[in-house]
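This report refers to the structure that appears directly beneath it.
Protein chains: 2
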Amino acid sequence: MPPDATATPTSPAGLRRLAASLDEHEPLRHLPSRYLLPEGLVYLDGNSLGALPRHVPDAVADVVRRQWGEGLVASWNDEGWWQAPQRVGDRVGRLVGAAPGQVVVGDSTSVHLFQCYVAAARLRPGRRVVVADPDAFPTDLHLLSSAARLLDLDVVPARPADVPTLLAARGAEVALVALSEVDYRTGERCDVPALTSAAHGAGALALWDLAHSVGATDVDLDAAGADLAVGCSYKHLCGGPGAPAWVYVASRHQRSVDPPLTGWHGHADPFAMDGRYEAADDVRRMRIGTPPMVSLLALDAALDVFDDVEPSRLRERSTSLVGLLVRALRDVVPELPLAGPGDPALLGGHVAVRSPDAYGVVRALAARGVVGDFRAPDLVRLGVCAPTTTHADLVEGVLALRAVLDAGEHVDPAHAVRSTVT
Amino acid sequence: MPPDATATPTSPAGLRRLAASLDEHEPLRHLPSRYLLPEGLVYLDGNSLGALPRHVPDAVADVVRRQWGEGLVASWNDEGWWQAPQRVGDRVGRLVGAAPGQVVVGDSTSVHLFQCYVAAARLRPGRRVVVADPDAFPTDLHLLSSAARLLDLDVVPARPADVPTLLAARGAEVALVALSEVDYRTGERCDVPALTSAAHGAGALALWDLAHSVGATDVDLDAAGADLAVGCSYKHLCGGPGAPAWVYVASRHQRSVDPPLTGWHGHADPFAMDGRYEAADDVRRMRIGTPPMVSLLALDAALDVFDDVEPSRLRERSTSLVGLLVRALRDVVPELPLAGPGDPALLGGHVAVRSPDAYGVVRALAARGVVGDFRAPDLVRLGVCAPTTTHADLVEGVLALRAVLDAGEHVDPAHAVRSTVT
Numbered sequence: 006m007p008p009d010a011t012a013t014p015t016s017p018a019g020l021r022r023l024a025a026s027l028d029e030h031e032p033l034r035h036l037p038s039r040y041l042l043p044e045g046l047v048y049l050d051g052n053s054l055g056a057l058p059r060h061v062p063d064a065v066a067d068v069v070r071r072q073w074g075e076g077l078v079a080s081w082n083d084e085g086w087w088q089a090p091q092r093v094g095d096r097v098g099r100l101v102g103a104a105p106g107q108v109v110v111g112d113s114t115s116v117h118l119f120q121c122y123v124a125a126a127r128l129r130p131g132r133r134v135v136v137a138d139p140d141a142f143p144t145d146l147h148l149l150s151s152a153a154r155l156l157d158l159d160v161v162p163a164r165p166a167d168v169p170t171l172l173a174a175r176g177a178e179v180a181l182v183a184l185s186e187v188d189y190r191t192g193e194r195c196d197v198p199a200l201t202s203a204a205h206g207a208g209a210l211a212l213w214d215l216a217h218s219v220g221a222t223d224v225d226l227d228a229a230g231a232d233l234a235v236g237c238s239y240k241h242l243c244g245g246p247g248a249p250a251w252v253y254v255a256s257r258h259q260r261s262v263d264p265p266l267t268g269w270h271g272h273a274d275p276f277a278m279d280g281r282y283e284a285a286d287d288v289r290r291m292r293i294g295t296p297p298m299v300s301l302l303a304l305d306a307a308l309d310v311f312d313d314v315e316p317s318r319l320r321e322r323s324t325s326l327v328g329l330l331v332r333a334l335r336d337v338v339p340e341l342p343l344a345g346p347g348d349p350a351l352l353g354g355h356v357a358v359r360s361p362d363a364y365g366v367v368r369a370l371a372a373r374g375v376v377g378d379f380r381a382p383d384l385v386r387l388g389v390c391a392p393t394t395t396h397a398d399l400v401e402g403v404l405a406l407r408a409v410l411d412a413g414e415h416v417d418p419a420h421a422v423r424s425t426v427t
Numbered sequence: 006m007p008p009d010a011t012a013t014p015t016s017p018a019g020l021r022r023l024a025a026s027l028d029e030h031e032p033l034r035h036l037p038s039r040y041l042l043p044e045g046l047v048y049l050d051g052n053s054l055g056a057l058p059r060h061v062p063d064a065v066a067d068v069v070r071r072q073w074g075e076g077l078v079a080s081w082n083d084e085g086w087w088q089a090p091q092r093v094g095d096r097v098g099r100l101v102g103a104a105p106g107q108v109v110v111g112d113s114t115s116v117h118l119f120q121c122y123v124a125a126a127r128l129r130p131g132r133r134v135v136v137a138d139p140d141a142f143p144t145d146l147h148l149l150s151s152a153a154r155l156l157d158l159d160v161v162p163a164r165p166a167d168v169p170t171l172l173a174a175r176g177a178e179v180a181l182v183a184l185s186e187v188d189y190r191t192g193e194r195c196d197v198p199a200l201t202s203a204a205h206g207a208g209a210l211a212l213w214d215l216a217h218s219v220g221a222t223d224v225d226l227d228a229a230g231a232d233l234a235v236g237c238s239y240k241h242l243c244g245g246p247g248a249p250a251w252v253y254v255a256s257r258h259q260r261s262v263d264p265p266l267t268g269w270h271g272h273a274d275p276f277a278m279d280g281r282y283e284a285a286d287d288v289r290r291m292r293i294g295t296p297p298m299v300s301l302l303a304l305d306a307a308l309d310v311f312d313d314v315e316p317s318r319l320r321e322r323s324t325s326l327v328g329l330l331v332r333a334l335r336d337v338v339p340e341l342p343l344a345g346p347g348d349p350a351l352l353g354g355h356v357a358v359r360s361p362d363a364y365g366v367v368r369a370l371a372a373r374g375v376v377g378d379f380r381a382p383d384l385v386r387l388g389v390c391a392p393t394t395t396h397a398d399l400v401e402g403v404l405a406l407r408a409v410l411d412a413g414e415h416v417d418p419a420h421a422v423r424s425t426v427t
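In order, the protein sequences belong to chains A and B. At position 344 of the first sequence (counting the first as 1) the number is 349 in the working numbering, and the numbers step up by one without a gap. At position 359 of the second sequence (counting the first as 1) the number is 364 in the working numbering, and the numbers step up by one without a gap.
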């Protein structure tokens, strides 16, 4: 339910009471206790790097000491390392509406995107146009340009809202519509089923970048009829820094999809050591080389948190948190305009406000123990990580933002240096 | 010094005395104590997955608990995560004769190979031939075929010994000579400086796959004038299962090399979030997406072992071990022919013998606590990992092989099932 912008602002005390009540009653209120976060820190950057699940250090220690140190090479069989990219893929798939057998994990989001761009274009030979959002995360655009150069494609820019019009005009030329469900800056969602249908209506494929979606939205790839999707595991899934990303290929495409990175792990019979490439006849053909097992198994363990969680419940929790964040921002810092919509149903797992001093604001918040992030040129991005963030965190974060602005801390020269990494 | 095949075979007791003497006097004899290996196991598969360095579990625990769990997103700056691919790359580079600033780590060997194949061909526009060893590790051939398909190249097969003749005949057409220094099956080395010079003499580039070299041979990329190289970190470097691989680009090519996987980590200014790709002006342009930091930092820690080790000394140790292994095989199991040369100077870090019952032999050895590996159709491959293997390991392994053959354990039906993973 979107907050009513015309209502009387709630007082700080009222917001705190509301947060406490939601944290007491929300059905998944027990999830944050499954994570370790430094005492007193208000961490609103889980959409950049999710927090550490409490049980993961022991799980990683087991991987290192026992599986690697004692099992050695036999662990590729005995511990199921070889099959882990599919097994972990299925666990992620459950959170994005993918039935088993359609997701693998292993490489970075960037590598998986390149695999998909080339593979998608090859599934629609004769069509030379790929439609992409010019405001997508840069790596998507970089890799799509590279794929387009290799395959002689035209990348035609269109914001999601303009895609149907473009398809109506030029649909017969379009091989692929490649979009992100959630805008990495503003948090705005687009309509995955409608845009997938629009692509299909033109005979094109739909590729979804779900980096900011998985764990935050209720995207349902199978129900939407999506063709390909790629996503990140180190944000809302809390899989660890640089946790391997994942790629989805709808079952109907798995015997025809023809990716460019034909590494030996995608071979039908890798240990035949055959110099001729014969692709596996299922989603394994998206595998490339030997995946980083310590990172991959840290992600595997991190996913244990979701075993007893219905994905729809996780979305409800995310929406509750995002809704409170929007309300608190409107009530407490009304002078900072929202960069995206105010209705949590139209948002993913983060909210951004605009400020000409955005970088200084983020630095000043950090000095107060509130971690958000800056996106050039003018965004203060506040992340809601459904499993780890509490309603109280969000109210305290927004009240800290008020205090920063009131004290002028955001224009303190100590906070005015641009970071190289956020 | 190659063993003399005509000399009287040394007795088991004599081989054990020799091994004990070498293990007492070899200058790097202290290295194996830096690793954890199960008591009583003779591990001759470090060329597949290297053993666990003793200090790595604590280092990984620090990465997980403190850097990720407490530092959270700030660790990208505060712990130097963002720069780690170059920093760790330089540490690997020292072991392959690469001056700093020419190596990055981050993706799998397969992904790095694809980057290099396409990038190399683009550095020699107008030349359409790529020369590759038809007996190379399959992933090399698969990815080269894929790159060739995208760029309309011809892959011309040639064994390393035949490359100079091919270059003499067709050199003007050749863009790239892509070879492995060490044959993954037989252990045979080829001459990196001579073949690199031959490629350059024809105006072509040389790309070296050093998966089985780093930590085992004295390859010197800068001295050889190599153009590009790729290698593995989970074999002789003991970086952990699926540890990120590495890629070398000679300084002179770094401003012109044009790889296909243009991920945002390779951008000149990644946090400008610019939709136009502008490559970094150094080896960073080989970076792609967010690397798997837990695996990458496990590798970083594993490399500490080599900080006080001269690379030339490591090669001397490897040669001493390989020499003893060859001698023991010839003396103890003379009926099993070596698959490669007998001179350790011409070998990398493993030795293979042929047997029609190779798979059964490997299984029966494993039942006796000696881990080697099988390579289809008829190779028993015994790995020497210079930092972790002792001379005594090799003699005990070969004596166990004798015992297996004498007892007929290799033809026991219990050992006759083909593994899916070795």
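Glycine included, each C-beta is placed from N, C-alpha and C at the ideal position.
Determine the DSSP secondary structure at residue i, reduced to helix, strand or coil.
i             : result
residue 58/B  : strand
residue 423/A : With a pLDDT of only 49 at residue 423/A, under 50, the local geometry of the prediction cannot be trusted, and no value is derived from it.
residue 282/A : coil
residue 143/A : helix
residue 81/B  : helix
residue 428/B : Because chain B spans 6 through 427 in this model, residue 428/B falls outside it and cannot be assessed.
residue 110/B : strand
residue 234/A : strand
residue 6/A   : With a pLDDT of 45 at residue 6/A, under the threshold of 50, the modelled position of this residue cannot be trusted; read the value that follows with caution. Residue state, collapsed to three classes: coil.
residue 2/B   : An answer regarding residue 2/B cannot be provided, because it is not within the stretch 6 to 427 covered by chain B.
residue 45/B  : coil
residue 40/B  : strand
residue 373/A : coil
residue 74/B  : coil
residue 410/B : helix
Starting from the C-beta of residue i, find all residues in its chain whose C-beta is less than 8 angstroms away, skip the five residues before and the five after it, and write them out in chain order.
i             : result
residue 1/B   : Residue 1/B falls outside the range modelled here, since chain B spans only 6 to 427, and no answer is possible.
residue 299/A : 65, 68, 69 and 73
residue 100/A : 219, 220, 242, 311, 316 and 319
residue 427/B : Below a pLDDT of 50, predicted positions are generally treated as unreliable, and residue 427/B, at 38, falls in that range; no measurement from the model is reported.
Leaving out the 5 sequence neighbours to the left and right, which residues in its chain are closer than 6 angstroms to residue i when beta-carbon positions are compared?
i             : result
residue 159/A : 133 and 134
residue 349/A : 324, 327 and 328
residue 97/A  : 108 and 251
residue 342/B : 359
Of all Cβ atoms in chain E, is any one closer than 8 angstroms to the Cβ of residue i?
i             : result
residue 267/B : Given the protein chain composition of this structure (A and B), no chain E is represented.
Kindly list the residues whose CB is nearer than 7 angstroms to the CB of residue i, restricted to its own chain and excluding five residues on each side of it in sequence; keep chain order.
i           : result
residue 4/B : As shown, chain B starts at 6 and ends at 427. That puts residue 4/B outside it, with no answer to give.
Short of 7 angstroms Cβ to Cβ, which residues in the segment 58-71 of chain B face chain A? 61, 62, 65, 66, 69 and 70
Just to confirm the assignment: which complete alpha helix (DSSP H) runs, minimum length 4, are found wholly within the segment 340-371 of chain A? none
Do the segment 116-134 of chain B and the segment 211-218 of chain B touch if we need at least three Cβ pairs shorter than 8 angstroms? Touching, yes, given that three or more Cβ pairs across the two stretches are closer than 8 angstroms.
Counting only runs that start and end within the segment 124-208 of chain A, where is the alpha helix (DSSP H) found for 4 or more residues in a row? 143-156, 168-175 and 197-206
Would you list, in chain order, the members of the segment 375-399 of chain B that have their beta-carbon closer than 8 angstroms to a beta-carbon of chain A? 376, 378, 380 and 381
Are at least three pairs of beta-carbons, each pair with one atom in the segment 263-273 of chain A and one in the segment 236-243 of chain A, less than 8 angstroms apart? no
Output needed in chain order: residues of the segment 292-318 of chain A with a Cβ under 8 angstroms from some Cβ in chain B. 293, 294, 295, 296, 297, 298, 299, 300, 301 and 303
Below 8 angstroms, how does it come out for the segment 348-364 of chain B and the segment 218-226 of chain B: are there three or more Cβ pairs, yes or no? yes
Three or more beta-carbon pairs under 8 angstroms between the segment 99-114 of chain B and the segment 168-184 of chain B, yes or no? no
Using a beta-carbon distance cut-off of less than 7 angstroms, what residues from the segment 130-164 of chain B approach chain A? 139, 143, 144, 146, 147, 148, 150, 151 and 155
Give me the subset of the segment 222-253 of chain B whose CB atoms are less than 9 angstroms from a CB atom of chain A, sorted by chain position. Within the segment 222-253 of chain B, the residues whose Cβ lies closer than 9 angstroms to some Cβ of chain A are 237, 239, 245, 246, 247, 248, 249 and 250, listed in chain order.
Counting only runs that start and end within the segment 300-346 of chain B, where is the alpha helix (DSSP H) found for 4 or more residues in a row? List check, alpha helix (DSSP H) in window: 316-337.
Should the segment 333-340 of chain A be called in touch with the segment 286-297 of chain A, which here means at least 3 C-beta pairs below 8 angstroms? no
Using 8 angstroms as the cut-off, can you tell me whether the segment 20-35 of chain A makes contact with the segment 385-405 of chain A, which would need three or more C-beta pairs spanning the two stretches below that distance? Segments in contact, yes.
Are the segment 301-319 of chain A and the segment 161-174 of chain A touching by the rule of at least three beta carbon pairs closer than 8 angstroms? no
Beta carbons nearer than 7 angstroms to chain A: which residues of the segment 208-220 of chain B have them? Residues are counted here when their Cβ sits less than 7 angstroms from a Cβ of chain A; for the segment 208-220 of chain B the count is zero.
Under 7 angstroms (Cβ pairs) to chain B, residues found in the segment 105-116 of chain A: Taking 7 angstroms as the Cβ-Cβ cut-off against chain B, the residues of the segment 105-116 of chain A that qualify are 112, 113, 114, 115 and 116.
Near-chain B residues of the segment 19-35 of chain A (beta-carbon distance less than 8 angstroms), N- to C-terminal order: none
Would you list, in chain order, the members of the segment 76-90 of chain A that have their beta-carbon closer than 8 angstroms to a beta-carbon of chain B? Residues passing the 8 angstroms Cβ filter: 77, 78, 79, 80, 81, 82, 86 and 87.
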